[in-house]
Amino acid sequence: MQPVRTPAIRLALACGALLMTAATAEAQDRLKVYISADMEGVVGVVTAEQLGPSGFEYERFRTFMTREVNAAIDGARAAGATEIVVIDSHGDGQHLILVVLARDITLVRSWPRPLMMMQGIDDTFDAAIFIGYHASTTNPEGVRAHTISSANLTAVRLNGEPMMEASINAAIAGDFGVPVVMISGDDAVVDEARSMLGDVEGAVVKWHYGFHSARTLMPEPAYELIRRKVAVALGRLGDFRPHRVSEPVALELSFKNYMPAELLA
Numbered sequence: 038m039q040p041v042r043t044p045a046i047r048l049a050l051a052c053g054a055l056l057m058t059a060a061t062a063e064a065q066d067r068l069k070v071y072i073s074a075d076m077e078g079v080v081g082v083v084t085a086e087q088l089g090p091s092g093f094e095y096e097r098f099r100t101f102m103t104r105e106v107n108a109a110i111d112g113a114r115a116a117g118a119t120e121i122v123v124i125d126s127h128g129d130g131q132h133l134i135l136v137v138l139a140r141d142i143t144l145v146r147s148w149p150r151p152l153m154m155m156q157g158i159d160d161t162f163d164a165a166i167f168i169g170y171h172a173s174t175t176n177p178e179g180v181r182a183h184t185i186s187s188a189n190l191t192a193v194r195l196n197g198e199p200m201m202e203a204s205i206n207a208a209i210a211g212d213f214g215v216p217v218v219m220i221s222g223d224d225a226v227v228d229e230a231r232s233m234l235g236d237v238e239g240a241v242v243k244w245h246y247g248f249h250s251a252r253t254l255m256p257e258p259a260y261e262l263i264r265r266k267v268a269v270a271l272g273r274l275g276d277f278r279p280h281r282v283s284e285p286v287a288l289e290l291s292f293k294n295y296m297p298a299e300l301l302a
């Protein structure tokens with residue numbers, strides 16, 4: 038026997054179906070993007086003169102860094118991003134210029150923070166993007182190549198595999214189910230990231246000659262390249278999978294000096 042449905046019941050059911058459809062559509066329309074920004078991979082950066090307050094070019098280059106992030110934001114918006122979180126991941130985490138950054142984002146700054154260059158990542162994000170990154174300390178190529186600490190570490194390994202900052206941060210994102218879809222920096226970091234993370238989009242803004250030398254794009258073409266690569270990456274979001282490290286995770290640190298190793302041991 039079929040249940041009797043009054044007009045009021047039918048109306049309530051129809052309204053419920055419409056609400057569920059609207060909620061599903063809203064969830065599908067949301068695109069939440071996480072941007073982690075370092076500085077060594079920014080266009081034109083080759084030495085410490087661009088990387089910290091004591092350098093004669095620092096103020097100019099923190100503007101370049103901020104505008105590269107804005108280019109990534111523009112690309113994400115063009116691809117439909119509805120929410121963007123940016124994290125200042127270079128040095129003391131206080132390099133991006135707030136009054137230059139896009140107004141409609143939120144920003145993570147300074148230290149300490151438990152997830153280092155990925156503080157604020159969680160499972161609500163759809164994609165992670167790395168701007169201004171560099172190659173690993175075990176890579177003989179790349180401008181300012183290091184992993185976490187150029188002053189202290191000669192290698193960082195997870196489960197025996199040498200790590201770059203991009204792969205460590207991709208593993209943190211992957212733990213929350215978030216894929217890395219794009220990276221910018223020199224040719225060495227893009228090649229190394231692809232070897233570890235797969236076919237991520239890469240924006241090469243300079244080509245290394247040595248640890249402190251490179252052939253570089255000019256800022257405006259670099260911004261345009263980043264903008265375009267971010268939009269392309271988010272346009273093929275379904276092609277990417279989170280980068281996961283198999284458990285149990287074994288962390289190995291190799292130090293330049295014996296004292297830190299002795300103290301940690």
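At position 19 of the sequence shown the residue is numbered 56 (my numbering), and the sequence of numbers has no breaks.
For glycine and all other residues, C-beta sits at the position ideal for the given N, C-alpha and C.
- In this structure, the straight-line span from the alpha carbon of Ser-283 to that of Ser-204 is close to 13 angstroms.
- Relative to the Cα of Val-226, the nearest Cα in the group Lys-243, Pro-216 and Ala-210 belongs to Lys-243.
- A Cβ-Cβ separation of about 5 angstroms places Asp-163 in contact with Lys-69 under the 8 angstroms criterion.
- Within the same chain, Cβ atoms closer than 8 angstroms to the Cβ of Asn-107 are found at Val-137, Leu-138, Ala-139 and Tyr-260, the five residues on either side in sequence being excluded.
- By the 16-neighbour rule on beta-carbons within 10 angstroms, Ser-173 is buried.
- Nearest to Asp-236 by alpha-carbon distance, out of Pro-216, His-245, Ala-251 and Gly-247, is Pro-216.
- Between the alpha carbons of Ala-298 and Ala-182 lies a gap of roughly 22 angstroms.
- Contact check between the region 143-161 and the region 242-258: fewer than three CB pairs, one atom from each, fall below 8 angstroms, which does not count as touching.
- For Leu-195, the pairing in a beta bridge is given by DSSP as Glu-198 and Leu-288.
- If you draw a straight line from the Cα of Gly-117 to the Cα of Gly-239, it is about 20 angstroms long.
- About 16 angstroms separates the beta carbon of Thr-253 from that of Gly-92, a gap too long to meet the 8 angstroms contact definition.
- About 30 angstroms separates the beta carbons of Tyr-170 and Asp-66, which is beyond the 8 angstroms limit, so they are not a contact pair.
- Approximately 6 angstroms separates the beta-carbon atoms of Ile-110 and Ile-142; this is inside 8 angstroms, confirming the contact.
- In the three-state DSSP reduction, Lys-69 falls in the strand class (E or B).
- Between Ser-221 and Gly-78 a beta carbon distance of about 6 angstroms is seen, short of the 8 angstroms cut, so the two are scored as contacting.
- Contact between Ile-124 and Gly-157 holds: their C-beta atoms lie close to 6 angstroms from each other, under 8 angstroms.
- By the neighbour-count criterion, in which 16 or more other beta carbons inside 10 Å mark a residue as buried, Met-102 falls on the buried side.
- His-127 places its beta carbon 8 angstroms or farther from that of Gly-179.
- Counting only residues of its own chain and dropping the five nearest sequence neighbours on each side, Leu-144 has a CB closer than 8 angstroms to the CB of Val-122, Val-123, Ile-124, Asp-125, Leu-133, Leu-135 and Leu-138.
- For the options Asp-276, Ser-186, Ala-270 and Pro-177, the alpha carbon positioned closest to that of Glu-229 is the one of Pro-177.
- Per DSSP, reduced to three states, the secondary structure at Met-219 is strand.
- Secondary structure note for Phe-167: its beta strand (DSSP E) is the uninterrupted segment 164-170.
- Here Val-237 carries a coil assignment [DSSP, helix/strand/coil].
- In this structure, DSSP gives Arg-252 an extended state, which the three-state scheme calls strand.
- Here Leu-195 is near Ala-208, since their CB atoms are less than 8 angstroms apart.
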